[in-house]
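Asker:
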Amino acid sequence: MRKNRTKKTNPLVTVLLPTYNRAESLSTAIDSILAQSYSQFELIIIRDGGQPIASVMRNYDDSRICLIDRDENRGKAASLNEALNRAKGKYICYLDDDDRWYPNHISTLTQALEEHPEYGLAYSDLYKVHYRPLSGGRRQILAKNVEISRDFDRMLSFQFNHVLHVSLMHRRDLLDQAGPYNENLRVLIDWDLTRRLCFYTDFLHIPSVTGEYYAAVGESDRISVQQRKDTGKYLHNLLTIRSTRPPKPWPCVGDLSVVVLHDCCDEVLTKSLADLWTHGHYPCQVYVPLPPLELDKLKTIVPNIVKVPVSETATNEQKMDAVLASSEGDYLALVPAGLPVAQDEVSFLERSLYPLIQNNETNVAYEIIETDPNRWGAVFRRKDLIRIRQEYPGCSIRESALAADMTTRKPDFKDYPFQFDNFLTAAGQLQRQGRWSDAADVYQMMAERHDNVLWMRTLRANALFQAGHLHDAETIIRDLNQTHPTAARLMIEARLYRKKENWLDAIRLYRQAKAILDKDISPIQGDKTTSDDYCSECETATEQEMIEWTN
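Written as structure tokens, this is what we have:
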């Protein structure tokens, strides 16, 4: 009997390529897409006004290309939404008109998502290519480095975009939940969508370099860079993104309800509301329980405010109970109005929320750092707060917690979010002090506790090399280059062999690194230097050094 064998078909991938006034670099981007080893894709190019591109497009006769060619400039968000309405692919990925992919980009991400269906988005690493703009749209390549190579961190994604848009691929159906691009934004539109997507799926990091994005030294013609110069609008966009609440349900994010307790609507209350908006990033709704006459006085631009009417004689406990009856947050933060917030604080409530999210203990709450017994506040799990209020309704919130034997404490510094970034900063300070061995120890600890193993092992190998521990450095860097060679890692190993006067291996590795730098690129001849203003020694392959040792 002949068995029926169903041949597995490759899913269709839609590539979106918006362009505006970059006809001179558009061909490089298109060529890199058409050179993909994965052929089952459609390419939608959107000319968002600006320079005509007919002279560029007549060079391409490929049925996979669809061109949306219009003279009106509607903005990048509108252009991408227009293309998404035509997209037929199971997966969506993006490329800007001045960047490029390596031939394995689509295949790497498609394979990752097909093999790990529990993830709705995957992203790889990219080289950041530093260049000097020249006349005629030419670019003088100065250096390449992998600037961002981070495992997914949802809390960080709420604060900062660490997943480059041109490095990711996501399922098309996720947009049915997260919604399209926000056309009211002029900058940070990529992060806005990425941030919303992380409410619905985990992201899979593939620590492999699959392309390049370009950054000009000095003035940049990127629209996003130019628009960031308007500081006021930029900050408003930033705060708008951080306070965006996409449609529920959120399978990957617990909601936070913040209760601000005060006796009237005054400057103290309005400042507290503004502080919550500008000194935090976790998605939340802010509940203000006050008598109706006081609520009528509340005028603020702060979003996500929920007014909760209570009687004029309501106690703080009754106000909290009223919020419990009307809110839906998985976590509740009790915040007395008027708490001081440091000017540079970016995680006012998150410092107490994060350990609660990470902690599997039950019957525990974390106090807000700035509170004291006279102005007490904390972050609770909703179910715990409901329970203690039901058991001890006549007590204050704090007394209810104590009576229920709930553990309430202020978080230690080690409990704060962004520990990885704190340690990374500390290791950098150790390096600047010449304490390379200590920095190497920090990188080892970070790899053990905070993932990002390839990145941390690379930094550790470089630190050990700088400290003179050549054997340990060689063991690590040789292993890394066997499986994940990059220009930076090859340069570290080459410098190590040069130090040991192993000239043949040093030259061989320099040449390998140079081949990566020169990959499908023809830099303009001239001064080839690397500036420490934007590249660190352990991250950057220096062309001048390679020229010296390979000639």
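Each step along the sequence shown adds one to the number in this note's numbering, with nothing skipped, and position 91 is 1074.
Don't be surprised by glycine CBs; every beta carbon is placed ideally from N, CA and C.
Bear in mind that the values here come from a model prediction, so they are computed numbers and not experimental data.
Assuming leucine 1252 contacts valine 1241 (C-beta within less than 8 Å), just tell me the rounded distance between them.
Answerer: Leucine 1252 to valine 1241, Cβ: 13 Å. No contact.
Asker: Quick check: the Cα distance between leucine 1376 and proline 1230, rounded to an integer number of angstroms?
Answerer: Strictly speaking, residue 1376 in this sequence is proline, with leucine absent from that position. The straight-line gap from Cα to Cα measures roughly 34 Å.
Asker: Grab the span of the beta strand (DSSP E) containing serine 1074 for me, first residue to last.
Answerer: Note that residue 1074 is tyrosine in the sequence shown here, rather than serine. 1074-1077 is the span of the beta strand (DSSP E), which, as asked, contains tyrosine 1074.
Asker: DSSP on glutamate 1350, reduced to helix/strand/coil?
Answerer: Reduced to three states, the DSSP call for glutamate 1350 is strand.
Asker: If you run the structure through DSSP and keep just helix, strand and coil, what is lysine 1111?
Answerer: Three-state result, lysine 1111: strand.
Asker: Between the Cα of leucine 1336 and those of Leu1322, Gly1237 and Tyr1426, spot the shortest distance and give me the residue it belongs to.
Answerer: Here the closest residue by C-alpha is Gly1237.
Asker: I'd like to check one pair, leucine 1171 with isoleucine 1161: are the Cβ atoms closer than 8 Å?
Answerer: According to the sequence provided, residue 1161 is alanine. The question's isoleucine does not apply to it. Contact: no.
Asker: Return the Cβ separation of glutamate 1007 and glycine 1120 in integer angstroms, given the expectation that the two are a contact with Cβ distance under 8 Å.
Answerer: At roughly 3 Å, the Cβ-Cβ gap stays under 8 Å, so glutamate 1007 and glycine 1120 are in contact.
Asker: For the beta strand (DSSP E) that contains leucine 1222, what are its first and last residues?
Answerer: Where leucine 1222 is concerned, there is no enclosing beta strand (DSSP E), although the alpha helix (DSSP H) it sits in stretches over 1214-1225.
Asker: Answer yes or no: do tyrosine 1493 and alanine 1477 have a C-beta to C-beta separation smaller than 8 Å?
Answerer: The answer is yes: Cβ separation under 8 Å.
Asker: Just to confirm before moving on: does the CB-CB distance between leucine 1096 and leucine 1147 stay below 8 Å?
Answerer: No; because the gap between Cβ atoms is not below 8 Å, this pair is not in contact.
Asker: So, for aspartate 1510: in the same chain, excluding its five sequence neighbours on each side, which residues have a beta-carbon less than 6 Å away from its beta-carbon?
Answerer: Model confidence at aspartate 1510 stands at a pLDDT of 30, short of 50, so the residue's coordinates are unreliable; what they give is reported in the following sentence. So no residue of the chain qualifies.
Asker: Starting from glycine 1411, trace the alpha helix (DSSP H) in both directions and tell me its first and last residue.
Answerer: That run of the alpha helix (DSSP H) goes 1402-1415.
Asker: Should the region 1304-1323 be regarded as contacting the region 1343-1363, the criterion being three or more beta carbon pairs within less than 8 Å?
Answerer: These segments touch.
Asker: In whole angstroms, give me the CA-to-CA distance for alanine 1422 and asparagine 1405.
Answerer: Spanning the two alpha carbons is a distance of roughly 13 Å.
Asker: Do alanine 1066 and isoleucine 1027 have their beta-carbon atoms positioned less than 8 Å apart in this structure?
Answerer: Contact flag set, yes.
Asker: Tell me whether glycine 1120 sits in a helix, a strand or coil according to DSSP, three-state version.
Answerer: Here glycine 1120 sits in helix by DSSP.
Asker: Less than 8 Å separating the beta-carbons of valine 1192 and glycine 1072?
Answerer: No, they are not a contact pair.
Asker: Would the beta-carbon of leucine 1176 be found less than 7 Å away from any heavy atom of the ligand ADP?
Answerer: Judged by which ligands are present, the structure shown has none, so any question about the ligand ADP falls away.
Asker: Do you know offhand how far isoleucine 936's Cα is from proline 1001's?
Answerer: An answer regarding residue 936 cannot be provided, because it is not within the stretch 984 to 1534 covered by the chain.
Asker: Under 8 Å by Cβ, that's how I've got arginine 1228 and asparagine 1287 pegged, so tell me the actual separation to the nearest angstrom.
Answerer: About 6 Å separates the two Cβ atoms, so the contact holds.
Asker: If you draw a straight line from the alpha carbon of glycine 1215 to that of asparagine 1042, how long is it in whole angstroms?
Answerer: Cα to Cα, glycine 1215 sits roughly 43 Å from asparagine 1042.
Asker: Can you tell me where the alpha helix (DSSP H) with aspartate 1031 in it begins and where it stops?
Answerer: Note, aspartate 1031: premise wrong, no alpha helix (DSSP H); beta strand (DSSP E) at 1024-1031.
Asker: Is it buried or exposed, cysteine 1181, if we count other Cβ atoms within 10 angstroms and call 16 or more buried?
Answerer: Cysteine 1181 comes out buried.
Asker: So, with DSSP's three-state summary, where would you put threonine 1533?
Answerer: Caution is warranted here: a pLDDT of 48 is assigned to threonine 1533, below 50, making its placement in the model unreliable, and no coordinate value can be reported.
Asker: Contact check, arginine 1169 vs asparagine 1128 under 8 Å by CB: the rounded distance?
Answerer: Not confirmed; about 29 Å, so no contact.
Asker: Output yes or no for whether 8 Å exceeds the beta carbon distance between aspartate 1185 and tyrosine 1102.
Answerer: Cβ atoms of aspartate 1185 and tyrosine 1102: closer than 8 Å.
Asker: State yes or no: is the C-beta of lysine 1280 within less than 8 Å of the C-beta of valine 1293?
Answerer: No, they are not a contact pair.
Asker: Could you name each continuous alpha helix (DSSP H) segment of 4 residues or more that falls completely within the region 1248-1279, going from the start of the chain to the end?
Answerer: Counting whole runs of 4 or more residues, the region 1248-1279 contains the alpha helix (DSSP H) stretches 1250-1261.
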